[in-house]
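Undergrad:
Number of protein chains: 2
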Amino acid sequence: MKTKARPEPKTKHDYAAQAEIIKAMAHPTRLLILNSLKKKEVCVCELRDLVGDDISTVSKHLSILKNAGLVAARREGNWLHYRLICPCVLDFTGCIAGIKR
Amino acid sequence: MKTKARPEPKTKHDYAAQAEIIKAMAHPTRLLILNSLKKKEVCVCELRDLVGDDISTVSKHLSILKNAGLVAARREGNWLHYRLICPCVLDFTGCIAGIKR
DNA sequence: TTGCTATTTTGCCAAATTGCCAAATAGATG
DNA sequence: CATCTATTTGGCAATTTGGCAAAATAGCAA
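Each protein sequence line maps, in turn, to chains A and B.
Oh and the first sequence: position 35 is 34 in numbering that gives the first Met the number 0, straight run, nothing missing.
Oh and the second sequence: position 68 is 67 in numbering that gives the first Met the number 0, straight run, nothing missing.
1) By the three-class DSSP mapping on this structure, what secondary structure does L49 of chain A have?
2) Pick out the complete beta strand (DSSP E) segments inside the region 31-96 of chain A, 3 residues or longer, and give them in chain order.
3) Can you give me the Cβ contacts of N34 of chain B inside the same chain, cut-off strictly under 6 Å, excluding the 5 residues immediately before and after it?
4) Please decide whether A25 of chain A counts as near chain B, where near means a Cβ-Cβ distance under 9 Å.
5) Could you give the DSSP three-state label for E19 of chain A: helix, strand or coil?
6) Residues in the region 62-90 of chain B with C-beta within 8 Å of chain A's C-beta atoms, listed in sequence order?
7) Which term fits P67 of chain B, buried or exposed, when burial requires 16 or more other beta carbons within 10 angstroms of its beta carbon?
8) Determine the chain B residues that contact T56 of chain A at a beta-carbon separation under 7 Å, and present them in chain order.
9) Just the Cα atoms here: how many angstroms apart are C85 of chain B and S58 of chain A?
10) Report all residues from its chain with a CB closer than 6 Å to the CB of E75 of chain A; omit the five preceding and five following residues, and keep chain order.
11) Give me the residue from B:C94, B:L69, B:P8 with the minimum Cα distance to E40 of chain B.
12) Taking Cβ positions, are L31 of chain B and L83 of chain B nearer each other than 9 Å?
13) When you compare the CB of K99 of chain A with every CB in chain B, is at least one pair closer than 9 Å?
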């Protein structure tokens, strides 16, 4: 039987890596995109309609999410379908919802 | 018996509010502070030593966390002790740790 | 009151972020 | 090849953020 794992203390580097991912989520449009991908993959053009910004703006948000490792794309003909890689990032919402200022 | 609650669709305003809180967490120093408060409240001067930045910088990070509703302060003489209001925000870390780029 | 300590606020500046438009790219199709 | 569609990239201005230092504030004690 294993002894209970004791986590190493986190370094500044660890926190920087975490912050990169959290920063990618820290934008209203990107939260909307992530939530839109909760149940199914969605095409960029659909996301543009949902978001309502210029397509180039939406694309930039997607590349930020992609670089953070939060979403991935699959090409199908001319369309790119984005999907959520780690749906658990949306569980966060439940905790956040309980915070009142 | 109640029927299962069906969440309302989130508005841009909802996402903006969520983003505010997440943005407050999206900085290495602020993640370090939040984790330092995981088990017990901590004085500002201790946090300054942990973080290593100028005291005014630490104070600014604390005010960002406070405005986001993530921490609160309790005065004891000259010292201010900060504590984590919603420890659940640290559960997030588990999901984040699974993300690889 | 004065002085002392802990903390916050203000001012400043460099760096990063945001969003739009235009241009470039990738893939499909003729 | 040319052309069309979907998407990304580059450039730019406006705004926001981060960190230090100086000044201001809050509470305690003499």
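Ideal placement from N, C-alpha and C gives every residue a C-beta, glycine not left out.
TA: Let me lay it out:
1) helix
2) 70-75, 78-83
3) none
4) yes
5) helix
6) N66, A67, G68, L69, I84, C85, C87, V88, D90
7) Reading off the sequence, residue 67 of chain B comes out as Ala, not Pro. With 16 or more Cβ atoms within 10 Å of its Cβ, A67 of chain B is classed as buried.
8) Result: empty, since nearest Cβ-Cβ is about 14 Å, beyond 7 Å.
9) 34 Å
10) none
11) B:L69
12) no
13) yes
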